[in-house]
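Visitor: Residue numbers (full-length UniProt numbering): 1 to 212. Glycine included, every Cβ here is placed at the ideal spot set by N, Cα and C. Here the structure is a predicted model, which means the values were calculated and not measured.
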Amino acid sequence: MATALSTAAAPTERRPFLYAIEHMEPEVSPWSLGEYHHIIEQIGEKRLILSHIAPAVVPEPLRSQCYEVADVPISEHPSFPKSRVLLLDPKATQPLEPSDGADFDVLLFGGILGDDPPRDRTAELRDQGFATRHLGPVQMTTDTAILVSDRVLSGQQRLDDIPYVDNPDIVFNAHESVNMPFRYIRNPDGTPLMSKTVHHLIHKSLEEEFDV
1 MATALSTAAA
11 PTERRPFLYA
21 IEHMEPEVSP
31 WSLGEYHHII
41 EQIGEKRLIL
51 SHIAPAVVPE
61 PLRSQCYEVA
71 DVPISEHPSF
81 PKSRVLLLDP
91 KATQPLEPSD
101 GADFDVLLFG
111 GILGDDPPRD
121 RTAELRDQGF
131 ATRHLGPVQM
141 TTDTAILVSD
151 RVLSGQQRLD
161 DIPYVDNPDI
171 VFNAHESVNM
181 PFRYIRNPDG
191 TPLMSKTVHH
201 LIHKSLEEEF
211 DV
């Protein structure tokens, strides 16, 4: 007796969640480059979108490691309908939840998050009709915000379950240290999870101040 073959389609694997940074500046600073490389190191290649910036401005290998570098804003990108894009907004009323990963494909970040004092760089995107979420009351750097978001959306952790360190002192030696007025993910040894490039740039800036 012949056995009937199942014609049921195998479930399709969901594309990894994407993170888009909408540029509010015409160039990419060394600090931002360090953060972008750190993001890719932590979450993997082909998951970061840099939008509203000329591809030629983004150097290799970063450009090839991104999911896409687009000169148009996300709101005008044909591949990302507004209904599937979630805007990270410090003024949102709802926190980011693990369940949001089922309803959206892209989490959008507006410009530079790590300003001190914070500037409302998200204001230009707020009126474009995106659904919004926040990551809590404490200011984060751009790379930290994306790494926290990925732990929530991909790792299914709640915001309150992620270990943080707030306003850490970065100590370079017995004579040089600097306080960082942001929230970071806390490493097991208590140090902040931070881009090595940014760490180097901070130290270099301190040395230049002492040389003046």
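What three-state label does DSSP hand residue 181 in the structure shown?
Guide: Residue state, collapsed to three classes: coil.
Visitor: At which residues does the alpha helix (DSSP H) containing residue 131 begin and terminate?
Guide: From DSSP, residue 131 is part of no alpha helix (DSSP H) but of the beta strand (DSSP E) over 131 to 133.
Visitor: Taking the CB atoms as reference points, tell me whether residue 70 and residue 49 lie closer together than 8 Å.
Guide: Yes, these two residues count as a Cβ contact at 8 Å.
Visitor: Smallest Cα separation from residue 73: which of 79, 52 and 85?
Guide: Among 79, 52 and 85, the Cα nearest to that of residue 73 is on 52.
Visitor: Under 8 Å, do residue 125 and residue 108 count as touching if we go by C-beta distance?
Guide: Against a cut-off of 8 Å, the Cβ pair of residue 108 and residue 125 comes out as a contact.
Visitor: Thinking just about the alpha-carbon of each residue, which of 204, 158, 150 and 170 is nearest to the one in residue 44?
Guide: That would be 150, whose Cα lies nearest to the Cα of residue 44.
Visitor: For the beta strand (DSSP E) containing residue 110, name the first residue and the last one.
Guide: From DSSP, the beta strand (DSSP E) with residue 110 extends over 106 to 110.
Visitor: Check residue 56 in the structure and name its three-state DSSP category.
Guide: Here residue 56 sits in helix by DSSP.
Visitor: Can you check which of these residues, 208, 147 and 160, is closest to residue 176 by C-alpha distance?
Guide: The residue with the shortest Cα to Cα distance from residue 176 is 208.
Visitor: Note down the Cα distance separating residue 86 from residue 174, rounded to an integer number of angstroms.
Guide: C-alpha separation (whole angstroms): 44 Å.
Visitor: By the 10 Å Cβ neighbour count, where 16 or more other Cβ atoms means buried, how is residue 195 classified, buried or exposed?
Guide: The residue in question, residue 195, is buried, as its Cβ has 16 or more Cβ neighbours within 10 Å.
Visitor: Are the CB atoms of residue 142 and residue 27 within a distance shorter than 8 Å?
Guide: Not closer than 8 Å, so no.
Visitor: So for residue 113, helix, strand or coil by DSSP?
Guide: Since pLDDT at residue 113 reaches only 48, below the 50 mark, its modelled position is unreliable, and the value read off the structure follows with that caveat. Here residue 113 sits in coil by DSSP.
Visitor: Skipping 5 residues on each side, what residues in its chain have a beta carbon closer than 6 Å to that of residue 38?
Guide: Cβ within range, chain order: 143 and 195.
Visitor: Looking only at its own chain, which residues have a Cβ that is under 6 Å from the Cβ of residue 203, when we skip the five neighbours before and after it?
Guide: Excluding sequence neighbours, residue 203 sits near 172.
Visitor: Give the C-beta separation of residue 152 and residue 192 to the nearest angstrom, bearing in mind that I take them to be a contact with Cβ-Cβ under 8 Å.
Guide: So it is not a contact: roughly 19 Å between Cβ atoms.
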